[in-house]
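See structure below.
Protein chains: 2
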Amino acid sequence: MRIELSRAGGKPLPLQISEALGQRISSGLLQKGVKLPSVRKLAVSLGVSQVTVSKAYADLERRGRIVRRQGLGCFVAPLKDGKQEAGDYREGSAGLPSDRSSGGGNFWDREDGGSRSPGRSALQKEADARRKFGWQEDYGDYLPRAQLWRNFDYSEAEYSFHLAAIHSGLLPLKEIGEAMTMLVAKRPELMSVYGNFQGDLGLREVMTTHLKARGIPLSAASLMITSGTQQGIDLVARTFVGPGDTVYLEAPSYTGAIDVYAGRGAEMISVPMDQDGMRIDLLTKLCDRRPPKLIYTVPTFQNPSGVTMSMERRQRLLELARSYRCLIVEDDPFSDLYFYSPPPSSIKSMDKNGHVIYMKSFSKVLAPGCRIACVAAEGDILERLIAAKAASDLGSPLLNQLAVLPFIAGKYDAYTQELRTALRSRMERAARLLKRHAPQGVKWSSPGGGLNLWLELPASVNIGELYRSASRQGISFLAGHVCYAGEPSSSHIRLSYAQMEEEQMERGLLLLMPLLKEAMNGRIM
Amino acid sequence: MRIELSRAGGKPLPLQISEALGQRISSGLLQKGVKLPSVRKLAVSLGVSQVTVSKAYADLERRGRIVRRQGLGCFVAPLKDGKQEAGDYREGSAGLPSDRSSGGGNFWDREDGGSRSPGRSALQKEADARRKFGWQEDYGDYLPRAQLWRNFDYSEAEYSFHLAAIHSGLLPLKEIGEAMTMLVAKRPELMSVYGNFQGDLGLREVMTTHLKARGIPLSAASLMITSGTQQGIDLVARTFVGPGDTVYLEAPSYTGAIDVYAGRGAEMISVPMDQDGMRIDLLTKLCDRRPPKLIYTVPTFQNPSGVTMSMERRQRLLELARSYRCLIVEDDPFSDLYFYSPPPSSIKSMDKNGHVIYMKSFSKVLAPGCRIACVAAEGDILERLIAAKAASDLGSPLLNQLAVLPFIAGKYDAYTQELRTALRSRMERAARLLKRHAPQGVKWSSPGGGLNLWLELPASVNIGELYRSASRQGISFLAGHVCYAGEPSSSHIRLSYAQMEEEQMERGLLLLMPLLKEAMNGRIM
Chain A
3 MRIELSRAGG KPLPLQISEA LGQRISSGLL QKGVKLPSVR KLAVSLGVSQ VTVSKAYADL
63 ERRGRIVRRQ GLGCFVAPLK DGKQEAGDYR EGSAGLPSDR SSGGGNFWDR EDGGSRSPGR
123 SALQKEADAR RKFGWQEDYG DYLPRAQLWR NFDYSEAEYS FHLAAIHSGL LPLKEIGEAM
183 TMLVAKRPEL MSVYGNFQGD LGLREVMTTH LKARGIPLSA ASLMITSGTQ QGIDLVARTF
243 VGPGDTVYLE APSYTGAIDV YAGRGAEMIS VPMDQDGMRI DLLTKLCDRR PPKLIYTVPT
303 FQNPSGVTMS MERRQRLLEL ARSYRCLIVE DDPFSDLYFY SPPPSSIKSM DKNGHVIYMK
363 SFSKVLAPGC RIACVAAEGD ILERLIAAKA ASDLGSPLLN QLAVLPFIAG KYDAYTQELR
423 TALRSRMERA ARLLKRHAPQ GVKWSSPGGG LNLWLELPAS VNIGELYRSA SRQGISFLAG
483 HVCYAGEPSS SHIRLSYAQM EEEQMERGLL LLMPLLKEAM NGRIM
Chain B
3 MRIELSRAGG KPLPLQISEA LGQRISSGLL QKGVKLPSVR KLAVSLGVSQ VTVSKAYADL
63 ERRGRIVRRQ GLGCFVAPLK DGKQEAGDYR EGSAGLPSDR SSGGGNFWDR EDGGSRSPGR
123 SALQKEADAR RKFGWQEDYG DYLPRAQLWR NFDYSEAEYS FHLAAIHSGL LPLKEIGEAM
183 TMLVAKRPEL MSVYGNFQGD LGLREVMTTH LKARGIPLSA ASLMITSGTQ QGIDLVARTF
243 VGPGDTVYLE APSYTGAIDV YAGRGAEMIS VPMDQDGMRI DLLTKLCDRR PPKLIYTVPT
303 FQNPSGVTMS MERRQRLLEL ARSYRCLIVE DDPFSDLYFY SPPPSSIKSM DKNGHVIYMK
363 SFSKVLAPGC RIACVAAEGD ILERLIAAKA ASDLGSPLLN QLAVLPFIAG KYDAYTQELR
423 TALRSRMERA ARLLKRHAPQ GVKWSSPGGG LNLWLELPAS VNIGELYRSA SRQGISFLAG
483 HVCYAGEPSS SHIRLSYAQM EEEQMERGLL LLMPLLKEAM NGRIM
């Protein structure tokens, strides 16, 4: 176990340690029953005093994350009913691969209230695994957080609200499939070559037209193709962010980005938002104390909150990056999916000095399984990213790149126009339904675009319990706490209204509402 | 600029600094004409004395990597004719994206002896870029080495010996293409889903049969699908290797692995080989001084040397990993491509305690453009890798995974049997041709399998010059020095005989031989 401590920042060391351990527990990386290192051992390995580690363990114990057994040491606690603890526990699978063979599945799905207690053979297997692979517990890793892994894996949920994805019935799969079939027939050699690390030149050229129309007049030389925006975020982080570097991001933010920056040992500082997006006034003050290495933002129909950053704040954010000579990652999955009026211009469109790395997923809107996104960066920054891309996978599959090319070249705009209408209809239906059936005390605001509704529940609701009762009815959603760096409590949930057929989505919401009411009534409000 | 210094190891700090800067220069990450930080500034940022930095700069100057200009500072030198300097220089492209729009191309291709001098507009562009993006020069990164990027990008070489890949005419592209067409027609929704982070369960099950037949009886739960082995190597490194960790590997080794470990700030220690592979006796002694965090090996038909590790050494290596409680990465691209007798069993097949992470590329042998490899690991190790995979790209494209499934399930063994015959014929033709036409003083041994010939040239040969003269005739090869960690000189070149049609390969070799002779005669032997 390896914990990145910042001695410069204001956060006390015991809190840093307990948060780091708590995150590993929430991420499923430290499992129920695993013994923590002794106070002395951890103190030595972290280079801190034993008092510091004792305080951290006491905090974890107080929060019910670990259990102290006199004379034996501290152990990761089984699931508590506390909100943040939800999903922190997997039945009888510590170090055992057998659970994985089910083909993924959200971990929370497996818990169903403890009804599946491990049989003798499972316990035997667990003991076997401990004996054989016990050395691995001490084998240090650099993986402090893995909420993506825990919360976004393939799910069999009948009513899947957890993933910000578009239902296959709305996607142009026929056209893209035809392009793929044609390529395979006419240019089979595409399957035999690695292609260019930077991505196919033809596809990059098509993307330039697209970006130009959106105020970003870059040449193909300034673009790189990545296997989805997730890879783009990851490549930027591995290239430019390291231990102790300060990364600013909105609170809440995209889980996948938080996982990545945590993995780089960055100091993440969350900046609150209001209806105009990230509070640049607060950001400016925070930067005075800790200069930014990088600022990550989803300025348009933010994930998960749906908020759009105002034009004025976009300008001020860019100014700030210029004065601190740092990078902004502008993650833009949703700007083409507006429902009423087009959002403000991208930050990249105002960037004159290469401070903004702009990321746009194409596959999210066209065919997520193709994993095609575009990263635009200028100057020397892009070359370094291409070098990192080479080391990470030798380039994205060429066939997938070329299969989306004709559609992006010819039909993208007409298609997204239709898609906007369809998504708006879904969002409005979902919002109407919530308005009519959601229990009093639930708050949300209808987004101007994108795929998500961000619901605030009364603070008393136990989101973990709600998750499990929903799960029993085949309903999945995203618990809000995974959208924050660190370990704050959150009484939000994210519902994506685009992942199912419209009627299915409605049925799912109608099923969810009574559960919500139940969860709210089960507690003092 | 960020340099990872090890204060524990035996290597003097000035040497560490000059090697780190030298590697950045060789990797194209610090370009001709770029000004290095002042001695004082670098000393402060690295926390070393100015004397240390001065010594490092003096060493770089002595080796011709940098030029000192009185009163102005130190600058990255233009291309020298020294062997290691070959390819260290790109004409007029410092920070300029325009060169990239050509769609990649090996950097060395562009140099053709300085004949393309930058015109006025290029210089103007360069000045513009400096002015606009100048701040980026000081923006620190974590990318110390990028030889993959420099040496393996898409090349237009007519005679391409540089890439260890199989010519499309030998690959089962028709079958895989048919499978892809069928999938697109019957299951278009595959393009719309993210799939499981761990990889498709069906494909993993097919792979288990394959591995079982090779003495690795693991279940699908112990396998993960990655976008090529490169990604597997990268995921293991990002999860388990960090600054100061010691990674042992063969000398020479696979460039792509060296880039990755360098990127993690690891201390790499190269272990010499003999005809039985890695010298485990030496490794054992080295480990006494610096315990291993991870050992990377390509034990079968090693890349680039072609050497196969003996059974006895495989056992001793595994013993060593057990006693040090560390991981071995067993990279196995070539074991199915033996020419005479099957190679010894894999190290993984003897592993009882989850010390070996076994990696097998399927796409390399079937359809490299599909980017499908398998990573096998046991215990808790694999879960951590899946979590890292999620953060790096949300999973490999499902369509590509399923397109290779039927072929691996049904025809793989019959196919590789034929492939072995075809590759053996190529290798033997190449070896015959070398025997007849290679100048005296060139040494090699015919490999028992795989795709590469590893040639040792007399130490006096200027490989950079040879590369350029070959390049002018449309011939590409891999210069040996990129296969070593650090900055040693090497008088090897790697020729891959499988990337072209057999006749083309022969013609290429026949064209290369006189150039080799010329390069050898041009120098005192």
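Chains as they are written, first to last, in the numbering used here: chain A, 3 to 527; chain B, 3 to 527.
Beta carbons are placed, not taken as given, at the ideal position from N, Cα and C, and that holds for glycine.
Less than 7 Å separating the beta-carbons of B/T299 and B/Q149? Not closer than 7 Å, so no.
For B/K134, go through chain A and note every residue whose CB falls closer than 9 Å to its CB, in chain order. Taking a Cβ-Cβ cut-off of 9 Å, the neighbours of B/K134 in chain A comprise K354, N355, G356, E380, G381, given in sequence order.
Return yes when the Cβ of A/A253 is within less than 7 Å of the Cβ of A/P274, no when it is not. In this structure, A/P274 sits near A/A253, with a CB-CB distance shorter than 7 Å.
C-alpha distance - A/R292 paired with A/S162, whole-angstrom precision: If you draw a straight line from the Cα of A/R292 to the Cα of A/S162, it comes to about 40 Å.
Range covered by the beta strand (DSSP E) that runs through A/H494: 494-498 is the extent of the beta strand (DSSP E) around A/H494.
Applying the 10 Å Cβ sphere with the 16-neighbour rule, what's the burial state of B/A10? Residue environment for B/A10: exposed (fewer than 16 other C-beta atoms within 10 angstroms of its C-beta).
Helix or strand or just coil, what does DSSP make of A/R291? Looking at A/R291 - three-state DSSP - the assignment turns out to be helix.
State the DSSP-derived secondary structure class of A/L74, mapped to helix, strand or coil. In the structure shown, A/L74 sits in coil (DSSP, three-state: anything other than H, G, I, E or B).
In whole angstroms, what is the alpha-carbon distance linking B/W456 and B/K43? Their backbone Cα atoms lie some 43 Å apart in a straight line.
Excluding the 5 residues flanking A/L468 on each side, which residues of the same chain have their C-beta closer than 6 Å to its C-beta? Once the five neighbours on either side are set aside, the close Cβ partners of A/L468 are A521.
Give me the residue from A/E420, A/Y499, A/P408, A/G356 with the minimum Cα distance to A/A181. With distances taken between Cα atoms, A/A181 lies closest to A/P408.
Meets three-Cβ-pair contact criterion under 8 Å: the stretch 416-434 of chain A and the stretch 477-489 of chain A: Fewer than three beta-carbon pairs drawn from the stretch 416-434 of chain A and the stretch 477-489 of chain A are found closer than 8 Å, and the two stretches are therefore not classed as touching.
Coarse secondary structure for B/I359, derived from DSSP in three states: In this structure, B/I359 counts as strand in the three-state DSSP scheme.
Interface residues of chain A around B/G179 at Cβ under 8 Å? Neighbours of B/G179 on chain A, chain order: V186, A187, P190, M193.
Within a Cβ cutoff of 6 Å, which residues of the same chain sit near A/Y196, ignoring the five residues on either side of it in sequence? Counting only residues of its own chain and dropping the five nearest sequence neighbours on each side, A/Y196 has a CB closer than 6 Å to the CB of L396, G397.
Return no unless some Cβ of chain A is closer than 7 Å to the Cβ of B/A239. B/A239 does not count as touching chain A.
For A/L320 versus A/M352, is the C-beta spacing smaller than 7 Å? It is a contact, given that the beta carbons lie within the stated cut-off.
As a quick exercise: from B/W137, B/T423, B/L62, pick the residue whose alpha carbon is nearest that of B/Y342. Of the candidates B/W137, B/T423, B/L62, the one whose C-alpha sits nearest the C-alpha of B/Y342 is B/T423.
Looking at C-alpha atoms only, which residue of A/V238, A/G230, A/G201 is the closest neighbour of A/A222? The candidate whose alpha carbon is nearest that of A/A222 is A/G201.
Anything in chain B within Cβ reach of A/G265, meaning under 8 Å, just list it in chain order. Below the 8 Å Cβ cutoff, chain B contributes R240, A390, A393 as neighbours of A/G265, in chain order.
Within 7 Å of any Cβ in chain B, is that where the Cβ of A/G510 sits? With 7 Å as the cut-off, A/G510 does not count as an interface residue toward chain B.
Hey, could you find the ends of the beta strand (DSSP E) A/I374 is sitting in? Premise fails: A/I374 is in no beta strand (DSSP E) and is neither H nor E.
CB contact flag (A/L15, A/V50, <7 Å): Yes; because the gap between Cβ atoms is below 7 Å, this pair is in contact.
Would you say the stretch 19-29 of chain B touches the stretch 503-516 of chain A, given that touching needs at least three Cβ pairs under 8 Å? The stretch 19-29 of chain B makes no contact with the stretch 503-516 of chain A; the number of CB pairs closer than 8 Å stays below 3.
Step through the CB atoms of chain A and report whether any lies within less than 7 Å of the CB of B/P293. Among the residues facing chain A, B/P293 is not included, as its CB has no counterpart in that chain under 7 Å away.
Spatially closest choice to B/E207 from B/Q403, B/Y499, B/L459, B/R132, by CA coordinates: Closest by alpha carbon: B/Q403.
Against B/P370, what residues of chain A qualify as contacts under a CB-to-CB distance less than 9 Å, listed in chain order? Residues of chain A with a Cβ closer than 9 Å to the Cβ of B/P370 are, in chain order, M193, S194, V195, Y196, L396.
Buried versus exposed call for B/S427 [16 or more other C-beta atoms within 10 Å across all chains shown]: With fewer than 16 other Cβ atoms within 10 Å, it is exposed.
What residues of chain A sit near B/E125, judged by a beta carbon separation below 8 Å? The amino acid at residue 125 of chain B is misidentified as Glu; the sequence shows Leu. Listed by position along chain A, the residues whose Cβ is nearer than 8 Å to that of B/L125 form an empty set, because the closest Cβ is around 17 Å away.
By the 7 Å beta-carbon criterion, what residues does the stretch 220-235 of chain A contribute toward chain B? Cβ contacts with chain B come from S221, A222, A223, S224, S229, G230, Q232, Q233.
Can you tell me the Cβ-Cβ gap for A/Q442 and B/G381, rounded? I've got them flagged as a contact below 8 Å. Contact check for A/Q442 and B/G381: beta-carbon distance about 49 Å, past the 8 Å limit, so the pair fails to qualify.
Let me know if A/L48 comes out buried or exposed under the rule of 16 or more other beta-carbons within 10 Å of its beta-carbon. Result: buried.
Looking at the C-beta of B/L172, does it have a partner C-beta in chain D at a distance below 7 Å? Included in the structure are the protein chains A and B, with no chain D among them.
Quick check: the Cα distance between B/R354 and B/L329, rounded to an integer number of angstroms? First, the amino acid is wrong: residue 354 of chain B is Lys here, not Arg. Roughly 13 Å separates the two Cα atoms.
By the three-class DSSP mapping on this structure, what secondary structure does B/I330 have? Secondary structure of B/I330 (DSSP, three-state): strand.
If we define contact as Cβ-Cβ less than 7 Å, is A/S478 a contact residue for chain B? Using a CB distance cut-off of 7 Å, A/S478 does not count as an interface residue toward chain B.
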